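For reference, the structure is listed below as structure tokens.
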Amino acid sequence: MGEIWRRCCRGVLLLTGIVGVTWSLIVLPSFWADLQVSSVATHILVGEQLKPGTVDSIAVRMDADSPSSLPYPNLIRARALIALRSAEEAMLGKGSQDLDRKLAAAENKLKSSLMLDPADAFLWLLLYWVRNERDGFDAGNIRYLEQSYAAGPYEGWIALRRNRLALAVFPLLGEQLQQKVVAEFAGMVESEFTDDAARNLTGVGWPQRDRLLASLAGVRLIAREAFAKRLAYDGVKATVPGVDLPERMWRQ
Numbered sequence: 104m105g106e107i108w109r110r111c112c113r114g115v116l117l118l119t120g121i122v123g124v125t126w127s128l129i130v131l132p133s134f135w136a137d138l139q140v141s142s143v144a145t146h147i148l149v150g151e152q153l154k155p156g157t158v159d160s161i162a163v164r165m166d167a168d169s170p171s172s173l174p175y176p177n178l179i180r181a182r183a184l185i186a187l188r189s190a191e192e193a194m195l196g197k198g199s200q201d202l203d204r205k206l207a208a209a210e211n212k213l214k215s216s217l218m219l220d221p222a223d224a225f226l227w228l229l230l231y232w233v234r235n236e237r238d239g240f241d242a243g244n245i246r247y248l249e250q251s252y253a254a255g256p257y258e259g260w261i262a263l264r265r266n267r268l269a270l271a272v273f274p275l276l277g278e279q280l281q282q283k284v285v286a287e288f289a290g291m292v293e294s295e296f297t298d299d300a301a302r303n304l305t306g307v308g309w310p311q312r313d314r315l316l317a318s319l320a321g322v323r324l325i326a327r328e329a330f331a332k333r334l335a336y337d338g339v340k341a342t343v344p345g346v347d348l349p350e351r352m353w354r355q
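So the sequence shown is numbered by the numbering used here: it starts at 104 and just counts up by one.
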């Protein structure tokens, strides 16, 4: 009886070992691949420049590999960000020629991520951008922009990209959304994103300059002064509420 018991124990241990090895062979490669995807996505989010071909090779591998068995929101989001960067690089001539396929892949992955986390303001913004890049501007896509503002109206780092896109279609926005866009612009000045705010005003926001400048009345004086000086340095004459710069500040 004791010998039979020992053999059974050895059999169980052997089976456990085989299962463990099999699990490692199947799961660990997927784990390391997912870890690499998350790492690359983090570099993308913080604006780091990656080696040429890095993003595209990861994107190709993502398409070839089977998706993870569990829908981890952070991983799905990371895959969406990589697919989007791959499409952006293709637009700049750094990737392959099948731009439409890459944009379609990015759109699908963005939608998959938003199904898991519909409160992701950044991904709503990216979906708005992708839709317009794929098919040209469509007023129906503004709903994605609205979702972005609804999910995160005061996200400073998102504003650096979103405010410019929103100002470009400002006349087509509803009044409530226009108010959010104007408030976001004032928030950029308040948060001392001075150069970005100045570019938005003097670029796509110039037709709305009176409304945008008026929104700065509640911004801290030091931030308003910095913004006015930035405009003066660029030779742009504009009235910033409560700021009176000497004439010599204006570049001729």
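No residue lacks a Cβ here, since even glycine has one placed at the ideal position from N, Cα and C. The structure displayed is predicted, hence computed values, not measured ones.
So, helix, strand or coil for residue 273, using DSSP? Mapped onto the sequence shown, residue 273 falls at position 170. Residue state, collapsed to three classes: helix.
Let's test the definition: count the other Cβ atoms within 10 Å of the Cβ of residue 324 and tell me whether it reaches 16, buried, or not, exposed. As a position in the sequence shown, residue 324 is number 221, starting the count at 1. Exposed is the call here.
Flag this pair as yes or no: are the beta carbons of residue 270 and residue 296 separated by less than 9 Å? Position 167 of the sequence shown, counted from the start, is the residue given in the question as residue 270. Position 193 of the sequence shown, counted from the start, is the residue given in the question as residue 296. It is not a contact, given that the beta carbons lie outside the stated cut-off.
Tell me whether residue 297 sits in a helix, a strand or coil according to DSSP, three-state version. Numbered from its first residue, the sequence shown carries residue 297 at position 194. Residue state, collapsed to three classes: helix.
Of all the options 244, 224 and 299, which has the alpha carbon lying nearest to the alpha carbon of residue 233? As a working note, residue 233 is residue 130 in the sequence shown. It is 244.
Is residue 255 buried or exposed, if buried means 16 or more other CB atoms sit within 10 Å of its CB? If you number the sequence shown from 1, residue 255 lands on position 152. Flag for residue 255 reads buried.
Give me the Cα-Cα distance between residue 241 and residue 214, rounded to the nearest whole angstrom. Numbered from 1 along the sequence shown, position 138 holds the residue referred to as residue 241. Numbered from 1 along the sequence shown, position 111 holds the residue referred to as residue 214. Cα to Cα, the separation comes out at about 18 Å.
CB-CB under 6 Å to residue 308, same chain, minus the five flanking residues each way: which ones, in chain order? As a working note, residue 308 is residue 205 in the sequence shown. Residues of the same chain with a CB within less than 6 Å of the CB of residue 308, apart from the 5 flanking positions on each side, are 270 and 315 in chain order.
Neighbour-count burial assignment, residue 345, 16 or more Cβ in a 10 Å radius: Translated into the one-based positions of the sequence shown, residue 345 becomes position 242. So residue 345 ends up on the exposed side.
Taking only the alpha-carbon atoms, compute the straight-line gap between residue 272 and residue 265 and give it to the nearest angstrom. The residue given as residue 272 occupies position 169 in the sequence shown. The residue given as residue 265 occupies position 162 in the sequence shown. Spanning the two alpha carbons is a distance of roughly 11 Å.
What is the C-beta distance between residue 190 and residue 226, in whole angstroms, given that I count them as a contact (C-beta under 8 Å)? Walking along the sequence shown from the start, residue 190 turns up at place 87. Walking along the sequence shown from the start, residue 226 turns up at place 123. The pair is not a contact, with the Cβ atoms about 14 Å apart (cut-off 8 Å).
Can you tell which of 320, 202, 340 and 185 has the C-alpha that lies nearest to the C-alpha of residue 301? Residue mapping note: residue 301 aligns to position 198 of the sequence shown, counting from 1. Checking every option, the nearest Cα to that of residue 301 belongs to 340.
Apart from the five residues just before and just after residue 222, which ones in its own chain have a Cβ nearer than 7 Å to its Cβ? Numbered from its first residue, the sequence shown carries residue 222 at position 119. Around residue 222: 254.
Do you know how far the Cα of residue 203 is from the Cα of residue 238? For the purposes of this step, residue 238 is taken as the residue at position 135 of the sequence shown. For the purposes of this step, residue 203 is taken as the residue at position 100 of the sequence shown. Distance between the alpha carbons of residue 238 and residue 203 is about 10 Å.
Exposed or buried, what is residue 177 when buried is set at 16 or more other beta-carbons lying within 10 Å of its beta-carbon? As a working mapping, residue 177 is identified with position 74 in the sequence shown. Classification of residue 177: exposed, given that the 10 Å Cβ count is below 16.
Between residue 299 and residue 337, what straight-line distance do the alpha-carbon atoms span, to the nearest angstrom? Your numbering for residue 299 matches position 196 in the sequence shown. Your numbering for residue 337 matches position 234 in the sequence shown. Taking the straight line from one Cα to the other gives about 13 Å.
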